[in-house]
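Per this note's numbering: the sequence shown = residues 1021 to 1319.
Report on the structure given below.
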Amino acid sequence: MSTPYQGLNGMDLIKDGWFHERGILWPGQAMSLQVNKVLDHHRSSFQDVLVFESANHGNVLVLDGVIQVTERDEFAYQEMISHIPLFAHPCPKKVLVIGGGDGGVLREIARHECVEEIVICEIDGDVIDVSKKFLPGLAKGYDDPRVTVKVMDGAKFMDENQDCFDVIITDSSDPVGPANVLFETPFYKSMYRALREGGIVCTQGECMWLHVDLIRPLMNSIKQIYAGVEYAYTTIPTYPSGQIGFLIGTKGRTEGCRQPKRVLDKEMQKSLRYYTTELHKAAFELPAFARRSILGEEL
């Protein structure tokens, strides 16, 4: 019997008042944040959970030694992974979130009045609990009456709810430990079956500076499933190399997601700190090296 993956102990990464993020997916580099105090540390049924108050980045959620959220810059990720697929759909009514237990994606989806139902499947209930306690600015997404919470395996839920959702957003951690299956082709097949015709999936797609060997094979694989597959990205200082991407797939529509299908009204724009209509389009414009290495273009 194989031994379950045991992520890094978050407390072991705090030395002399600084948290040092070192991961197997970004060898030779580290991200450090000054720690004011540790707010919570324990091992859940799935992973090591650490929350600390930092000197300059607010409260920080760390899973298996990897930074998931800081209050200072979380919006750069939450807004883009949510609003790119939602605005690319003409009228999303049912939305599914896989992972995203901190509630930030829920907060962003709730800004869309056309959405009638939001379901979140988070396998680790402890992430939800610590987020509600220590990350209220994100966890307020749970307060929306359209939200239904399922503490369970997202793949199992999708197998039981096929042809149901207009948009599926997978807000996962990196492909080690419990999140590993979310970066494999069978999971993308499960999402495809759970989508309605014309639907869109948007998943955490790793970093173009570090993970081309993960991104390109996965894109090539899921192109056999989805009508269209694209890579977009956002910048966020506390993620490895300051950048993270999104894999976006469509069902039954070859048209891509670069062009928003709905207008971002002025009131909603005032509430956003990162996403704009112009940035939506620009997120798909990759540098030359990424166009070659990820998209296989000859430049």
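From the three backbone atoms N, C-alpha and C, an ideal C-beta is built for every residue, glycine too.
These figures come from a predicted structure and were not determined experimentally.
Length of the line joining the Cα atoms of residue i and residue j
| i | j | result |
| --- | --- | --- |
| Leu1083 | His1132 | 29 Å |
| Tyr1251 | Gly1269 | 9 Å |
| Arg1216 | Leu1053 | 42 Å |
| His1341 | Asp1149 | In the structure displayed, the chain extends from 1021 to 1319; residue 1341 sits before or after that span and is not available. |
| Glu1136 | Arg1166 | 6 Å |
| Gly1120 | Glu1142 | 7 Å |
| Ala1075 | Phe1154 | 15 Å |
| Leu1319 | Gln1224 | 26 Å |
| Met1172 | Ile1129 | 20 Å |
| Glu1073 | Gly1272 | 45 Å |
| Leu1202 | Lys1152 | Unreliable positioning characterises Leu1202 in this predicted model, as indicated by a pLDDT of 43, which lies under 50. The coordinate reading is nonetheless provided below. Using only the alpha carbons, I get a separation of about 24 Å. |
| His1062 | Ala1308 | 43 Å |
| Gly1197 | Asp1068 | Only weak support exists for where Gly1197 lies, its pLDDT of 46 falling under 50; the coordinates are left without a value. |
| Val1125 | Gly1037 | 31 Å |
Distance CB(residue i)-CB(residue j) smaller than 9 Å
| i | j | result |
| --- | --- | --- |
| Ser1102 | Cys1222 | yes |
| Gly1123 | Leu1070 | no |
| Ala1229 | Gln1263 | Before going further, note that residue 1229 is Trp rather than Ala in the sequence given. Taking 9 Å as the Cβ cut-off, Trp1229 and Gln1263 qualify as a contacting pair. |
| Ala1108 | Val1232 | no |
| Gly1043 | Val1086 | yes |
| Thr1258 | His1077 | yes |
| Gly1276 | Gly1248 | yes |
| Thr1205 | Leu1234 | no |
| Met1051 | Pro1260 | yes |
| Leu1315 | Val1187 | no |
| Thr1255 | Phe1266 | no |
| Tyr1295 | Ile1104 | yes |
Buried or exposed by the 16-neighbour rule on C-beta atoms within 10 Å, applied to residue i
| i | result |
| --- | --- |
| Trp1046 | buried |
| Cys1134 | exposed |
| Asp1032 | exposed |
| Glu1317 | exposed |
| Ala1302 | exposed |
| Gln1244 | exposed |
| Asp1191 | buried |
| Gly1048 | exposed |
Cross-strand partners of residue i (DSSP beta bridge)
| i | result |
| --- | --- |
| Gly1134 | First, the residue type needs correcting, since residue 1134 is Cys and not Gly in the sequence shown. Beta-bridge pairing links Cys1134 to no other residue. |
| Val1055 | Ser1074 |
| Ala1159 | Paired residue(s): none; Ala1159 is not in a bridge. |
| Asn1079 | Glu1073 |
| His1040 | Ser1052 |
| Glu1250 | Ile1268 |
| Phe1185 | Leu1215 |
| Gln1279 | According to DSSP, which records beta bridges pairwise, Gln1279 is partnered with nothing at all. |
is_contact[residue i, chain D] using C-beta, thresh 9 Å
| i | result |
| --- | --- |
| Trp1046 | Absent from the structure is chain D; it holds one protein chain and no more. |
Worksheet item: Do the segment 1110-1119 and the segment 1288-1295 meet, that is, are 3 or more Cβ pairs less than 8 Å apart?
Response: no
Worksheet item: Are the segment 1169-1183 and the segment 1204-1212 touching, with three or more C-beta to C-beta distances below 8 Å?
Response: yes
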